[in-house]
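Asker: Have a look at this one.
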């Protein structure tokens, strides 16, 4: 496998609106991010994935772009964006821009022109269809935010297609002019020195609407290969696609270097294990560790030699990891460290979502309106109208709403958690006085310093980056354990995913081995006996001595 700089890198995702507000207007901004670069350098990350900061009416918090080559005024200016790229580079940090090209805002100049008349030159930049004979939508396809995926436009008497909000019309990627416009824009940003792109719902751009195919359409991979050739392919940058529909075999199509598509994809099979098979995330189901281990093992195996894995617990669309998979109460610190260890020793590029490194938790707002999220609000209204109870819908929101990840960052215990001098755009999680960066920096045993250790180890031990993955104790319902091996380097990682003491009998080939304790969330572990007693959420990694193995 050809080595790449991003193989041992660690990516930190920033949701700009909620990260740091420098001007006191209650909304995070680029100046706020620049002011926190030293903090991120201390953490040790190499890449910032920046959720969209492009000009936008903010119907979907920036994922509805009205100008790809300008910055939203609430976030700052293009000059500040250029300063962020330069200041990050001085700290050996690259900026990954969030590329949203499945759709634009309905305020984008292309769409403003497209809806003026059926023969407008920009009409074919979007997907239009005539009504059925009774005037209704062309078909029954649904938006991911609730309701029909078709919106009637009275000016021209046709419907346009939108897989998300009606204010996010889908681009027509069958139109070569759309491709050329996007490629031109991507090169404009690459020339400014960014480190690559995170590609929002990129598996949707090859859609065939008339056949009801939205993800993994027949033109998807040719489109990505054309994009690669026209833009980032000859540059040493990182590209990661958001692909909810990916299987391991499909992921190889995206990330096998010889195919010249992307560096890697985000896959969500491990995430959707806690969703109801029919009702999705709004009806959560219990986390099953054995299922989870099967999914992780499958992806580690299939992409072992061809392609590359992304590793993540949470992002701006997902609940907080410690609330979902750990214990946000009594064992918040222990379980947050355990989750970090379990993830960061796997093969792939780890992604940390802002606040994960201090163990931020989900929030339980009383009013659904406090979540400030188009998806949650739209589906709440639709499901309540369909007879779902308020209580049931709120439990789904408490567990899985995107709003859980979007509460402002906790910097200290002062008013508004040090996020802003003004009233924040979204309510702060009330537990910020106990959970904040200032407290974490001062505590050598904090979750933050645990993450620092994990990031340092990835750069020091090639076995973590390139070693083979061997699952251990597959059938155990509470313990996730595995081994990484590269040549004579061996690391064993053991994680108790429960709040109980666990008595563990080790496999025969691991008994009575000694080594170096790399990281742990209780006391150091330097020896593997025949039996282990694991404390609640205990987790550790041990590098085995070559003389004993």
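In the numbering used here, the protein residues as written are 14 to 562. We put the beta carbon where it would ideally sit given N, CA and C, even for glycine.
Are three or more beta carbon pairs between the segment 87-97 and the segment 193-200 nearer than 8 Å?
Answerer: No, because fewer than three Cβ pairs between the segment 87-97 and the segment 193-200 fall closer than 8 Å, the two stretches do not touch.
Asker: Would you mind reading off the limits of the alpha helix (DSSP H) that contains residue 265?
Answerer: To locate residue 265, count along the chain shown from 1; it is residue 252. Here the alpha helix (DSSP H) through residue 265 covers 261-268.
Asker: Using 10 angstroms around the beta-carbon of residue 398, count the other beta-carbons present and answer buried if the total reaches 16, otherwise exposed.
Answerer: Translated into the one-based positions of the chain shown, residue 398 becomes position 385. Per the 10 Å Cβ criterion, exposed.
Asker: When the distance is taken between beta carbons, is residue 324 closer than 8 Å to residue 275?
Answerer: Sequence index remark: in the chain shown, residue 275 carries index 262 (1-based). Sequence index remark: in the chain shown, residue 324 carries index 311 (1-based). Their beta carbons are not under 8 Å apart, which means residue 275 does not touch residue 324 by this criterion.
Asker: Measuring only the C-alpha atoms, how far is residue 131 from residue 95?
Answerer: As a working mapping, residue 131 is identified with position 118 in the chain shown. As a working mapping, residue 95 is identified with position 82 in the chain shown. The straight-line gap from Cα to Cα measures roughly 39 Å.
Asker: Grab me the residues of residue 556's own chain with a C-beta within less than 6 Å of its C-beta, minus the 5 sequence neighbours each way, in chain order.
Answerer: As a first step, residue 556 must be located in the chain shown, where it is residue number 543. The residues are 504, 528, 529, 531.
Asker: Since residue 58 and residue 101 should fall inside the 8 Å C-beta cutoff, what is the C-beta to C-beta distance between them, to a whole number of angstroms?
Answerer: Reading the chain shown from its first residue, position 45 is the one you call residue 58. Reading the chain shown from its first residue, position 88 is the one you call residue 101. Going by Cβ atoms, the distance from residue 58 to residue 101 rounds to 10 Å, so no, they are not a contact pair.
Asker: What do you get for residue 382, buried or exposed, if any count of 16 or more other CB atoms within 10 angstroms of its CB means buried?
Answerer: What you label residue 382 is simply residue 369 of the chain shown in a count that begins at 1. Residue 382 is exposed by the Cβ-count criterion.
Asker: Here's the rule: buried if 16 or more other CB atoms are within 10 angstroms of the residue's CB, otherwise exposed. What is residue 211?
Answerer: In the chain shown, the residue the question calls residue 211 occupies position 198. Classification for residue 211: buried.
Asker: Buried or exposed for residue 174, please, with buried defined as at least 16 other CB atoms from any protein chain shown within 10 angstroms of its CB.
Answerer: As a working mapping, residue 174 is identified with position 161 in the chain shown. Buried is the call here.
Asker: Can you tell me whether DSSP reads residue 14 as helix, strand or coil?
Answerer: Residue numbering aside, residue 14 sits at position 1 when the chain shown is read from its first letter. Here residue 14 sits in coil by DSSP.
Asker: Given a cut-off of 8 Å on the beta-carbon distance, is the pair residue 114 and residue 63 in contact?
Answerer: For this step, residue 114 is matched to residue 101 along the chain shown. For this step, residue 63 is matched to residue 50 along the chain shown. Result no, Cβ atoms of residue 114 and residue 63 do not sit closer than 8 Å.
Asker: How would you write the range of the alpha helix (DSSP H) that residue 406 sits in, first residue to last?
Answerer: Locating residue 406 in the chain shown gives position 393, counting from the first residue. Where residue 406 is concerned, the enclosing alpha helix (DSSP H) stretches over 403-413.
Asker: Let's see if you can read the secondary structure: which residues bound the beta strand (DSSP E) around residue 295?
Answerer: The residue given as residue 295 occupies position 282 in the chain shown. First-last of the beta strand (DSSP E) with residue 295: 293-297.
Asker: Hey, how far is the Cα of residue 289 from the Cα of residue 298?
Answerer: For this step, residue 289 is matched to residue 276 along the chain shown. For this step, residue 298 is matched to residue 285 along the chain shown. Approximately 6 Å between the Cα atoms of the pair.
Asker: Please tell me whether residue 329 and residue 471 are closer than 8 Å, where the distance is taken between their beta carbons.
Answerer: Here the question's residue 329 lines up with position 316 in the chain shown. Here the question's residue 471 lines up with position 458 in the chain shown. No, these two residues do not count as a Cβ contact at 8 Å.
Asker: Using the rule of at least 16 other Cβ atoms within 10 Å of the residue's Cβ for burial, across every protein chain shown, is residue 15 buried or exposed?
Answerer: For the purposes of this step, residue 15 is taken as residue 2 along the chain shown, with counting starting at 1. That one is exposed.
Asker: Which residues share a DSSP beta bridge with residue 277?
Answerer: The residue given as residue 277 occupies position 264 in the chain shown. According to DSSP, residue 277 bridges with 253.
Asker: Could you give the residue range of the alpha helix (DSSP H) that holds residue 95?
Answerer: Taking the first residue of the chain shown as 1, we reach residue 95 at position 82. Here the alpha helix (DSSP H) through residue 95 covers 91-103.
Asker: State the CB to CB distance for the pair residue 251 and residue 206, rounded to an integer number of angstroms; the pair is presumed to be in contact (CB under 8 Å).
Answerer: Here residue 251 refers to the residue found at position 238 when the chain shown is read from its first residue. Here residue 206 refers to the residue found at position 193 when the chain shown is read from its first residue. About 13 Å; that fails the 8 Å criterion.
Asker: Which residues in the same chain as residue 283 place their Cβ atom closer than 7 Å to its Cβ, once the five residues preceding and following it in sequence are excluded?
Answerer: By 1-based counting over the chain shown, the position of residue 283 is 270. These residues qualify, in order along the chain: 305, 308, 309.
Asker: Less than 8 Å separating the beta-carbons of residue 481 and residue 502?
Answerer: Residue 481 sits at position 468 when you count from the first residue of the chain shown. Residue 502 sits at position 489 when you count from the first residue of the chain shown. Not in contact: residue 481 and residue 502 (Cβ atoms no closer than 8 Å).
Asker: Residue 502 by DSSP, collapsed to three states: which one?
Answerer: Looking up residue 502 in the chain shown gives position 489. Note: residue 502 maps to strand in three-state DSSP.
Asker: Touching or not, the segment 426-434 and the segment 348-356, by the rule of three or more beta carbon pairs under 8 Å?
Answerer: These segments do not touch.
Asker: Per DSSP, residue 564 is paired with what?
Answerer: Residue 564 is absent from the structure shown; the chain starts at 14 and stops at 562.
Asker: Do residue 171 and residue 141 count as a contact pair if the criterion is CB distance below 8 Å?
Answerer: For the purposes of this step, residue 141 is taken as residue 128 along the chain shown, with counting starting at 1. For the purposes of this step, residue 171 is taken as residue 158 along the chain shown, with counting starting at 1. Yes.
Asker: Exposed or buried, what is residue 300 when buried is set at 16 or more other beta-carbons lying within 10 Å of its beta-carbon?
Answerer: Position 287 of the chain shown, counting from 1, holds the residue named residue 300. Per the 10 Å Cβ criterion, exposed.
Asker: Here's a check: name, in chain order, each residue in its chain whose Cβ is nearer than 6 Å to the Cβ of residue 126, leaving out the five neighbours to either side.
Answerer: Along the chain shown, one-based indexing puts residue 126 at 113. The residues are 133, 135.
Asker: Suppose the cutoff is 6 Å on Cβ atoms and the five residues either side in sequence are ignored; what does the same chain contact list for residue 24 look like?
Answerer: If you number the chain shown from 1, residue 24 lands on position 11. Correct list, in chain order: 60, 62, 364.
Asker: Taking 8 Å as the threshold, find out whether the segment 508-523 comes into contact with the segment 544-558 through three or more Cβ pairs.
Answerer: Enough Cβ pairs lie closer than 8 Å, so yes.
Asker: How many angstroms separate the CA atom of residue 154 from the CA atom of residue 444?
Answerer: Taking the chain shown and counting its residues from 1, one reaches residue 154 at position 141. Taking the chain shown and counting its residues from 1, one reaches residue 444 at position 431. Cα-Cα distance, rounded: 41 Å.
Asker: Span of the alpha helix (DSSP H) holding residue 391?
Answerer: Walking along the chain shown from the start, residue 391 turns up at place 378. That run of the alpha helix (DSSP H) goes 387-398.
Asker: Can you find at least 3 beta carbon pairs, one from the segment 376-395 and one from the segment 45-53, that sit closer than 8 Å?
Answerer: Result no; under three Cβ-Cβ pairs closer than 8 Å.
Asker: Take every Cβ of the segment 538-546, pair it with every Cβ of the segment 513-523, and state whether three or more of those distances are shorter than 8 Å.
Answerer: Verdict: yes, contact present.
Asker: Identify every residue that forms a DSSP beta bridge with residue 26.
Answerer: Translated into positions along the chain shown, residue 26 becomes position 13. The partner list for residue 26 (beta bridge, DSSP) reads 62, 366.
Asker: In three-state terms, what does DSSP make of residue 222?
Answerer: To locate residue 222, count along the chain shown from 1; it is residue 209. In this structure, residue 222 counts as helix in the three-state DSSP scheme.
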